[in-house]
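Note that the UniProt record's numbering gives residue 72 to position 72 of the sequence shown, counting from 1, and the numbers run on in steps of one.
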Amino acid sequence: MKIGILGAGHIGKALARLLAEAGHEVGISNSRGPETLRDLAERLGHGVRAYTNEDAARFGELVIETVPFGKYADLPSVQLKGKVVIDTANYYPQRDGDIDLGGLSESAFMARHMPGARVVKAFNAIHAAHLEAQGDTGKPLEERRAIPIASDDAEAKQVVADLIEQIGFAPLDNGTLEDSKSQQPGTPIYGKEANLKQARDILGRG
Ligand SMILES: NC(=O)c1ccc[n+]([C@@H]2O[C@H](COP(=O)([O-])OP(=O)(O)OC[C@H]3O[C@@H](n4cnc5c(N)ncnc54)[C@H](OP(=O)(O)O)[C@@H]3O)[C@@H](O)[C@H]2O)c1
């Protein structure tokens with residue numbers, strides 16, 4: 001699958017490597033332009049391409065947005081329309097400034113700024129170093145580290161669940177975008193090294 005990644009920080013780089021190694025075509029962007037990403041793309045290998053935000057969004061059949069939450073207004077919403085978009089972002093007021101979410105979950109708020117995008121919250125509750133290291137396709141699903149995912153779009157959620165399995169983790173359906181409040185910073189599952197059964201218990205998703 002062609003995958004566009006918006007953001008080339010800790011999470012963007014980890015996902016670019018894992019997904020490229022799993023056989024996907026990856027295009028990645030940052031805030032400073034593709035010329036600043038050429039070395040990274042070369043290091044990652046597997047034909048990873050450096051793009052602008054707009055081009056990465058256009059390129060991806062699926063797009064991952066993994067920029068700091070406060071940068072939501074910079075996302076190329078026109079190019080994201082109709083696409084499955086994974087939202088990894090967490091809202092940290094000390095980093096992102098005061099943002100009124102209007103009582104919405106972080107991802108439901110984000111989705112409002114991407115009209116027509118099929119938003120799936122995933123990879124927000126795992127530390128980047130663990131994402132790099134803990135996937136293991138050799139393990140049965142039940143024993144793998146669980147990744148909670150949430151979306152209002154069941155088909156989009158399934159696409160993301162398949163990707164998560166391909167990179168050695170176990171997807172755990174955590175309901176709708178509003179339900180994703182239970183995987184935000186400060187919740188029991190956030191950053192927790194839990195396998196599928198443990199994560200189901202923590203989230204009450206038995
Ligand atoms: N780090 C973790 O362990 C972790 C775990 C789960 C979720 N998250 C969440 O995932 C998101 C990304 O985290 P991170 O740790 O990967 O961040 P990071 O290391 O600080 O990297 C942020 C990336 O976003 C890019 N960026 C910033 N503004 C942008 C814009 N307007 N357009 C395009 N790219 C832009 C930056 O590009 P430049 O360098 O060019 O500015 C950089 O490549 C955050 O919301 C974070 O809370 C992080």
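All residues carry an ideal CB built from backbone N, CA and C; glycine is no exception.
From the options, residue whose alpha carbon lies closest to that of residue i
i	options	result
residue 122	183, 143, 155 and 6	183
residue 10	113, 155, 40 and 23	40
residue 139	201, 89, 1 and 170	170
residue 79	135, 71, 65 and 91	65
residue 52	33, 118 and 76	33
residue 81	111, 97 and 152	111
residue 29	13, 190 and 8	8
residue 141	172, 113 and 156	172
residue 1	137, 180, 186 and 163	163
residue 191	124, 25, 93 and 97	124
residue 62	13, 94, 3 and 104	3
residue 201	103, 156, 148 and 87	148
residue 181	152, 104, 155 and 42	104
Helix, strand or coil at residue i [DSSP, three-state]
i	result
residue 150	strand
residue 63	strand
residue 157	helix
residue 53	helix
residue 197	helix
residue 205	coil
residue 3	strand
residue 170	strand
residue 181	helix
residue 27	strand
residue 164	helix
residue 118	strand
residue 144	coil
residue 175	coil
The alpha helix (DSSP H) enclosing residue i, as first and last residue numbers
i	result
residue 136	Segment: none, residue 136 is in no alpha helix (DSSP H) and carries neither H nor E.
residue 18	10–21
residue 78	77–80
residue 106	106–112
Sub-8 angstroms separation of residue i and residue j beta-carbons
i	j	result
residue 212	residue 22	In the structure displayed, the chain extends from 1 to 206; residue 212 sits before or after that span and is not available.
residue 15	residue 5	yes
residue 117	residue 71	no
residue 50	residue 38	yes
residue 203	residue 189	yes
residue 54	residue 68	no
residue 205	residue 174	yes
residue 113	residue 193	no
residue 99	residue 92	no
residue 119	residue 85	yes
residue 161	residue 107	no
Residue interval of the beta strand (DSSP E) (run including residue i)
i	result
residue 44	Residue 44 -> not in any beta strand (DSSP E); alpha helix (DSSP H) instead, spanning 38–44.
residue 74	From DSSP, residue 74 is part of no beta strand (DSSP E); its letter is neither H nor E.
residue 96	Run containing residue 96: none in the beta strand (DSSP E); it sits in the alpha helix (DSSP H), 93–96.
residue 84	84–87
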